[in-house]
Every structure is written in C-alpha cells, then in structure tokens.
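Sequential numbering of the sequence shown, starting at 614, is according to the working numbering.
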Amino acid sequence: MKELHVTVQRFDPEKDKEPRFVPYTVNVNDGARVLHVLHAIHDTIDATLAYRYCCSSGQCGSCAVRVNGEPVLACMAEAADGIAIAPLSLPVKKDLVVDLLPKIREIASLAPAECGTERLPVKAEIDAIKPLRECIECMACVSVCPAMDVTKFLGPTAMRQEMRLALDPRDSKNRVPDAVRDGLFTCTSCQACYKVCPKKIKIPGKAIEKLRALANKQGFTLPRHREVEALIKETGRSVVRTAPSFMEQSGFIIEPDGPVKATVGFFVGCMYNLRQQQSALDAMEVLKRNGIRVIIPRDQVCCGSPLIRTGQLDYVETLKKRNIDAFRTRRLDTVMTMCAGCGSTLKHDYVTPFKVMDINEVLTKYGIEPPAKLPLKATYHDPCHLLRGQDIKDEPRQLIRQVVDLVEMPAICCGSGGGVKSGLPEEAAALGERRREEIKKTGADLVITSCPFCEFHIASHSDKPVKNIMTVLLEGYREKDRLAQEKKE
Ligand code: SF4
Ligand code: SF4
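Written out as structure tokens, the structure reads:
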C-alpha cells in the first residue's frame, strides 16, 4: 500500500459558481491506477464525487479524464503522488463527468446499400478500415482539438468515422461532401488528437489526409491549395522568391571553424530558403562553431508536405524522388532538417536511404560550446510537427536554457499548419490570437521557436519578438565574443 496526495476538480453546477481543486489523501495498492484513486476517494472520503467508469480495462472509454492537463483513461493511467485530476475540456455535468452525448450523436452511421447491391469488404478493405474502427468514443481527441475551438469543425473522431465509412463497400453514401461541410479543411495537422487517443488512431494521417485526397479527386480542394500545387509544379517550391534565397547566399559546403565532429546534408525547405533566410544563415554560423560540416545540395526541392497535408498527391512521388536523389548522390548518412514540417515529412512520409535528424537533435547529440547567458526571459513555442510529429521536446529546451531563462507555456497549435494559414487565413488568425494570450501570460520578453511556419505566423500574433533557437544561440555566441574582446582590451 502507499499513500498518495492528489487534487481533484470538483464542480456541481447546481451549487457552485466555479470549479475548484480539492486535495485528498488516499491509501492505494502499489501500481494503482487513477481510477483506483477515484474509487478510494468515493468509498472512504466523499461519496458525492461524480466520475464515470464501466469496463475498467481500457475498452469502453467512459473514464477519460485529464491528469496534469493531459487526457488519459483513468483505468489505464498509473496514479502518482501529487497528480491533479480534472474533467476533459468539454461541458461538465458534475465533477469529472462531462457531457459526451452531443459529440457521440454527431458521429455518422453506416448508410446501408440497397438490398441486393451491397458487397462485403475484401481483405484489403478490412485491413484499411481496421485502424479506424478501434474508437471507443472517449472523446479525448475532441477535447484537445484546436480547430474545434475556433471553427464549426465536427472534430477528429467524426472525420475518423467518415473515412472509416468511405472505405466500407457496404456504405452507400459519398462521405466526402459531408466531411467538407463539417470542416475537413479546418484541421491544422497538429496531431494532438492522435497523441491523446488511447487507441493510438492516427486520425490526421489515416483519416483527414485520406479524406482530403478523396476530396481532391471530387474537386473540393480549396482554391489557394490548388495555387500552391501549381507553384510547386512550376518552381519546385511552395512559396515565391521575393528576395535572394538562402541557397543563393550560402556555400555548397560549410566547413566548421574547428575539428569536424560530423557531416550532415541540409534539407533547407521552402520557408527557410525563401522567407526565413536569416534564421537558416544564423543556424549555419551555430553549426560552424560547433564542429558540424554542412553540405547543401542545390537540386533539392519542396518536401511535398503542403501537398500531402492537403490531399494533393499527384506530384508527391516526383518530389520525393528528386529529394532522395539530391542527397543520395552525395553519399550522406545523415540529412538534417530545420523546418519541423519538412523533418516530420521526411521521417514519416518518405523511405530514405539516410537518417533524418532535426537540427536540435544534431546539436544536442554532438554537444555545443556554451554561449553567454543573455539577460532575457523567453518562452518556447513547441512546433506541432516537432513536438508531436517527431517527439522532440527536451532537445530545444536543453539548448535554450544555455542562453536564456525559459518560462513554459502550454503546447498548443499556433494555427499555421495543415494548409490552414494559406487556405483558411481567418482560422489561422483566430488560433494565432489564442497563442498571443498564452504568450502574454508568461510575461516573457521573447518567444523562441524552431519552425519557420510558426516563426512567421506567431510574429504577427505576438507583442514580443519571435526568434528561431539558432538566432538566439548565435546572439549568445556574439555576446560571448564581445565579452572576451572587452576583457582583452
Ligand atoms: S490534427 Fe489537430 S486540428 Fe486536426 S483533428 Fe487532430 S487535433 Fe484537430
Ligand atoms: S478516436 Fe481515440 S481519442 Fe477519439 S474518441 Fe476515439 S478512442 Fe477516443
């Protein structure tokens, strides 16, 4: 047995003005789950605690709650001392019980084909349907979806079901028009739904992108997304050149100042090449100082992410081949990305003959010379495609803490991904404003991030300067050099 101290959010709409956290001390067995803690509170301290459960084995989805802010199934999550248990971010009926019914009612049902015309799914269809039919309707995904907060999007599990039905030959309906009507193009590809799903259903990749590909075949692709596709086909890039590109300003090989610790190919990406050139140039200075030799093949093109995320797949294989050839011919073992979206695409949508590493991984793996500490308080915006797309959370923080004081804020989407910034700019702006509020709460002097899309988008939704990690590190090195020079004089 062990003693645990926990807090539980209590709220009775008939009596309370607002929710409050109440502390409890319970004795539970070693290995107890959060649900056992709730049982202990209910059975030994306060029988009025309202919470929902049924199977107690991760199969029914009824006990979903938030633990320290993260949605989990109470019956599966191990209880720990000091945890805070709260309801999902959905309308609360009482304490930990939320109203699931409105969302469950929005999930589409199979529309049976006319008698005599139906066909049973074949094995390939069953295999495609399988990953989408595991849903236990816990609504964890719905509780974290940023697009639902600012648009009329029906949500991730509703899209999951539309795709599941679209794959089923027993279903008679064209699912695409409904999905488009219900917000198919509002998803920012933030991956939050997938990360909290207890059944690990890859809704963004397996449902939303697939529905968007079907929508493309039926002529529903947004006009702005079609323009991006035309631009990529014409120029190999997803944005237009308005100033000298990064590649026009950098060499083909960048040799480090000191001994070579590693050699990497640099996959530049459209945004760093044509919009955020200075961030990429700053990164080269940081790599140079830290023993990384960088090779930048000129024949690389857009990674294809803007097309894959928006369901425009016709040209993607051509881009993949050009990129793989560009690096393979240089016999590189490691290709480094700096754009979170490119990195996630190369890691998940390509089969590469080389290892792909984000720049934060490269620098933490080989270690960096300590920069001078700048007298700044900074907050870090986790790019969705770095945090959830590549599971990179600690490395940027390790680098940032060497140069400034870090104050955390919640990891929420800034609104620039999934084709939303180009296709639905009002939604992107609404999500950007939510980011502004969170930045303000931290009291930070500076916002740091590690993705050109986030950098570009947040800059117009923040009262504070927004900089790339590499730029801040370089500023730390310049300050170090200045202090050393001052000492000499
Ligand atoms: S990827 Fe993000 S925006 Fe898209 S459905 Fe999932 S949670 Fe919502
Ligand atoms: S998709 Fe996953 S997170 Fe969403 S309701 Fe179904 S099981 Fe829960």
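For every residue, glycine included, the Cβ atom is placed at its ideal position computed from N, Cα and C. Just so we're clear, the structure is a prediction, and the values are computed from it rather than from any experiment.
By DSSP's assignment, E616 forms a beta bridge with N640. For R679, the enclosing beta strand (DSSP E) begins and ends at 677–680. Listed by position in the chain, the residues whose beta carbon lies within less than 5 Å of some heavy atom of ligand 1 are C758, A760, P769, C800, T801, C803, A805, C806, P817. By the criterion of a C-beta distance shorter than 7 Å, R902 is surrounded in its chain by D870, E982, Y1090, once the five residues flanking it on both sides are discounted. The Cβ atoms of Y885 and P1065 lie closer than 8 Å to each other. Taking C-beta separations shorter than 6 Å and ignoring five residues to either side along the sequence, the partners of A893 in its chain run F859, Y885, following chain order. About 10 Å separates the beta carbon of I658 from that of V621, a gap too long to meet the 8 Å contact definition. Here Q889 carries a coil assignment [DSSP, helix/strand/coil]. In summary, M614 is exposed, with fewer than 16 beta-carbon neighbours lying within 10 Å of its beta-carbon over all protein chains present. Ranked by Cα distance from A1042, the options P759, R794, L1019 are led by P759.
By the Cβ test, the segment 1033–1049 is not in contact with the segment 929–943, since fewer than three Cβ pairs between them sit closer than 8 Å. Around L709, the same chain offers Y664, V678, P700 as residues with beta carbons nearer than 6 Å, after the five sequence neighbours per side are excluded. Annotated three-state conformation of L648 is helix, per DSSP. Under a 10 Å Cβ-count criterion, I866 is classified as exposed, with fewer than 16 other Cβ atoms of the shown protein chains found around its own Cβ. Counting along the chain, M951 sits inside no alpha helix (DSSP H), nor does DSSP assign it H or E at all. Between Y979 and A875, the C-beta spacing is below 8 Å.
Boundaries of the alpha helix (DSSP H) around P715: 714–718. In this structure, DSSP gives G1089 a helical state, which the three-state scheme calls helix.
Secondary structure at G864: coil, using DSSP grouped into helix, strand and coil. Secondary structure at P1038: helix, using DSSP grouped into helix, strand and coil. Sequence-distant partners of P857 (beyond 5 residues in either direction) whose C-beta falls short of 7 Å from its own C-beta are missing from its chain.
When the Cα atoms are used, A771 and Q891 turn out to be separated by approximately 41 Å. Checking the 7 Å criterion, the Cβ of A753 is within range of a heavy atom belonging to ligand 2. At a cut-off of 7 Å, the beta-carbon of R773 counts as near ligand 2: some heavy atom of the ligand is closer than that. Here the alpha carbons of S918 and D795 stand approximately 23 Å from one another. In the three-state scheme derived from DSSP, where H, G and I count as helix and E and B as strand, V1033 is classed as helix. When distances are taken from the beta-carbon of P811 to the heavy atoms of ligand 2, the shortest one is below 7 Å. E683 has its Cβ no nearer than 7 Å to any heavy atom of ligand 2.
A distance of 8 Å or more separates the beta carbons of L844 and I821. If you look at K968, you'll find it in the beta strand (DSSP E) that goes 968–971. Of all alpha-carbon atoms in K1006, L920, R1014, the one lying nearest the alpha-carbon of P1023 is that of K1006. Inclusion of G674 in the 7 Å shell around ligand 2 follows from its C-beta lying nearer than that to a non-hydrogen atom of the ligand. Here G878 carries a strand assignment [DSSP, helix/strand/coil]. Assigned with DSSP and collapsed to three states, N903 falls in coil, not helix or strand. Residue pairing for T992: DSSP places it in a beta bridge opposite V1020, V1060.
By the Cβ neighbour-count rule, R732 is exposed, with fewer than 16 other Cβ atoms within 10 Å of its own.
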